[in-house]
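Residue numbers (my numbering): 1 to 152.
For glycine and all other residues, C-beta sits at the position ideal for the given N, C-alpha and C.
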Ligand code: SF4
Ligand code: SF4
């Protein structure tokens with residue numbers, strides 16, 4: 001039986017943070033298609049520039065504009081890769097201390113599973129879902145983490 005390492009509680013902690021949710025051009029296309037509007041309209045209504053990056057807007061409450069307290073993410077099938085990848089970020093996969101600290105922020109991380117199992121399932125998830133090619137967690141790094149995890 002597979003030990004669960006993550007069970008999202010839909011608390012919304014990871015949907016807060018002005019300017020933290022970066023969306024690439026392909027992710028903007030995916031989101032616009034999901035909402036059945038043009039990319040230009042999506043950009044105008046739901047994003048803002050942050051340096052050279054495009055980020056999703058947040059409301060006055062500090063939550064992403066797509067966060068709904070009852071339904072959680074209203075664009076779930078099309079959400080950006082950074083949202084799909086959490087909590088399986090490289091730091092949490094590679095480092096048990098980061099993983100422990102992340103538990104304070106994300107109640108969905110199952111501490112009882114242990115870090116090695118979290119890393120094993122997380123790396124598989126990242127690779128299986130094509131998230132290793134996002135530029136944030138490339139495949140080579142993910143595989144190196146797998147090697148390190150097996151050695152430890
Ligand atoms: S912080 Fe964790 S438990 Fe809360 S919504 Fe985000 S992923 Fe789910
Ligand atoms: S797109 Fe969805 S998952 Fe990502 S921050 Fe916004 S509400 Fe949260």
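Heavy atom of ligand 1 within 7 Å of residue i beta-carbon
| i | result |
| --- | --- |
| residue 86 | yes |
Contact test: residue i Cβ vs ligand 3 heavy atom, cutoff 7 Å
| i | result |
| --- | --- |
| residue 108 | Ligand 3 is absent from the structure shown, which contains only ligand 1 and ligand 2. |
Exposure label - residue i; buried when at least 16 CB within 10 Å
| i | result |
| --- | --- |
| residue 101 | exposed |
| residue 46 | buried |
| residue 54 | buried |
| residue 150 | Because the pLDDT at residue 150 is just 47, under 50, the model does not fix this residue reliably, and the point stays unresolved. |
| residue 120 | buried |
| residue 152 | In this prediction, residue 152 has a pLDDT of 37, which is less than 50 and means its spatial position is unreliable; what the coordinates show is noted afterwards. It counts as exposed. |
Residue i Cβ short of 7 Å to ligand 2 heavy atom set
| i | result |
| --- | --- |
| residue 11 | no |
| residue 34 | no |
| residue 56 | yes |
| residue 75 | yes |
| residue 67 | yes |
Sequence-distant residues of its chain with Cβ nearer than 7 Å to residue i (five each side left out)
| i | result |
| --- | --- |
| residue 103 | 109 and 111 |
Cutoff 6 Å; reference residue i; Cβ partners in own chain excluding five residues on either side
| i | result |
| --- | --- |
| residue 148 | Confidence is the limiting factor: at residue 148 the pLDDT is only 46, short of 50, which leaves the residue's position unreliable, though a coordinate-based value still follows. If we look at residue 148 and ignore the five residues flanking it on each side, it has no Cβ neighbours. |
| residue 4 | 110 |
Same chain, Cβ closer than 8 Å to residue i, five either side skipped, listed in chain order
| i | result |
| --- | --- |
| residue 84 | 129 and 131 |
| residue 41 | 32 |
| residue 38 | 32 |
For the segment 50-120, list the alpha helix (DSSP H) runs that are entirely contained and at least 4 residues long, ordered along the chain.
-> 81-85, 90-94 and 96-105
The segment 55-69 contacting the segment 10-21, beta-carbon criterion three pairs below 8 Å = yes
Contact between the segment 23-37 and the segment 89-98: three or more CB pairs below 8 Å?
-> no
Which runs of the alpha helix (DSSP H) fall wholly inside the segment 4-44 and span at least 4 residues, in chain order?
-> 25-35
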